[in-house]
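*Asks:* Here the sequence shown is numbered in my numbering, starting from 1341 and rising by one per residue. Glycine is no exception: its CB is placed at the ideal position from the N, C-alpha and C atoms. Just dropping this structure here.
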Amino acid sequence: MNIRTPRTVLLPLALWAAASAAPAQTVMKPGAWQMDTQITVRDGDGPPVDQGHHTVTMCMTAERLAQEPYLNAQVDQDKAAARGATCSTSDFQRQGDSASWVMVCDLKDGSHLRARISNRASAETLETEMVQDMRRGDGRATATLRVHGRHAGECTPAMAKL
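Quick look at the structure:
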């Protein structure tokens, strides 16, 4: 049994990862950020399948960035809990403007997720990689999300604020 992971599930997870991490003194500059996300999924032992490229521009506020969302595992754990998942984090490592951790979650739909998250932030750029191993029943899949973010100027009223 394979797990089919539609883009409608992966894109929110990618944006969750992208909106999940940057440091106080804010390593990242507040303002508009363009996030380019590439998603690849492998069902079971099958070949990786490209799920497409997605770009979104969002407003990252100074208040949000003060939480260090890309360098703080607790931010990811709190977001998952708000969506009804039960998660724990481990293997947290931080060195300067880079951080990584493992997050293990039991989701409301009965799925189990193990994600290895790595982030590197600077004033003008963000690099994120999240490798998610998912299980539901006998099915399993691996999704790899790569996010390349860049500061894109000032926020506009039409942008979603994080």
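Looking at the strands, I want to know which residues DSSP matches up with Val1444.
*Replies:* Within the sequence shown, residue 1444 is the residue found at index 104, counting from 1. Per DSSP, Ser1428, Arg1454.
*Asks:* What does the alpha-carbon distance come out to for the pair Met1474 and Val1381?
*Replies:* Translated into the one-based positions of the sequence shown, residue 1474 becomes position 134. Translated into the one-based positions of the sequence shown, residue 1381 becomes position 41. Going by the C-alpha atoms only, they are around 10 Å apart.
*Asks:* May I ask you to list the residues that DSSP assigns as paired with Gln1472?
*Replies:* Position 132 of the sequence shown, counted from the first residue, corresponds to residue 1472. DSSP, once it has assigned bridges, lists Ala1455, Ala1483 as partnering Gln1472.
*Asks:* Could you name the residues of the same chain whose beta carbon sits closer than 7 Å to that of Thr1426, not counting the 5 residues immediately before and after it, in chain order?
*Replies:* Here residue 1426 refers to the residue found at position 86 when the sequence shown is read from its first residue. Counting only Cβ-Cβ distances below 7 Å, and skipping sequence neighbours, we find Cys1445, Asp1446.
*Asks:* What residue range does the alpha helix (DSSP H) around Asp1415 cover?
*Replies:* On the sequence shown, residue 1415 is found 75 positions in, with the first residue counted as 1. Correcting the residue type first, residue 1415 is Val in the shown sequence and not Asp. First-last of the alpha helix (DSSP H) with Val1415: 1413-1422.
*Asks:* If I follow the unbroken beta strand (DSSP E) through Ala1372, where does it start and stop?
*Replies:* One-based indexing of the sequence shown puts residue 1372 at position 32. Its beta strand (DSSP E) spans residues 1371-1383.
*Asks:* Using the DSSP secondary-structure output, state which residues sit across from Arg1434 in a beta bridge.
*Replies:* By 1-based counting over the sequence shown, the position of residue 1434 is 94. Bridge partners of Arg1434: Ala1439.
*Asks:* So, do the segment 1422-1441 and the segment 1476-1489 have three or more beta carbon pairs nearer to each other than 8 Å?
*Replies:* No: the two stretches stay apart, fewer than three of their Cβ pairs being nearer than 8 Å.
*Asks:* So what does DSSP say about Glu1408, is it helix, strand or coil?
*Replies:* Working through the sequence shown from its first residue, we reach residue 1408 at position 68. It is coil, neither helix nor strand.
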